[in-house]
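Here's the structure we're looking at; comments come further down.
In my numbering, the protein residues as written are 74 to 157.
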C-alpha cells in the first residue's frame, strides 16, 4: 500500500502542516485528505472539497468556510510525520 504525504496551509507564505497516510489508490488518498483537513480545523464532520487542478481546498459552506492550499502525493519521505 503506498504512503502519501499531505501538506496543507492557508496562505502561500504559511509553513506547511504535513501528515502521512496510507491508501490503496489516489481516490482513497483524496478521501483521507478530506478527513485530515476537516480534523485539522477541528470540524471532523464538515464538508471538504478538493480542487486537484489548482491545489486548493474549501472546508465548510454557508456561514462558515475556509479555503487554503494542499499538496497530496506518493512519497517515501514521511519519517517523523504524524500518521492518519
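All C-beta atoms, glycine included, are put in the ideal place defined by N, C-alpha and C.
- The beta carbon of residue 119 lies closer than 6 angstroms to those of 111, 132 and 133 in the same chain, with the five residues before and after it left out.
- In this structure, residue 95 sits away from residue 81, with a CB-CB distance that is not shorter than 8 angstroms.
- Here residue 76 has 93, 94, 95, 147, 148, 149 and 151 as same chain residues with Cβ atoms under 8 angstroms from its own Cβ, once five neighbours each way along the sequence are excluded.
- Taking 8 angstroms as the cut-off, the Cβ atoms of residue 102 and residue 145 count as close.
- By the criterion of a C-beta distance shorter than 6 angstroms, residue 155 is surrounded in its chain by 92, once the five residues flanking it on both sides are discounted.
- Here residue 129 is exposed, its C-beta having fewer than 16 other C-beta atoms within 10 Å.
- Sequence-distant Cβ neighbours of residue 117 in its own chain, meaning closer than 8 angstroms and more than five residues away, are 108 and 111.
- Nearest to residue 140 by C-alpha distance, out of 126, 153 and 122, is 122.
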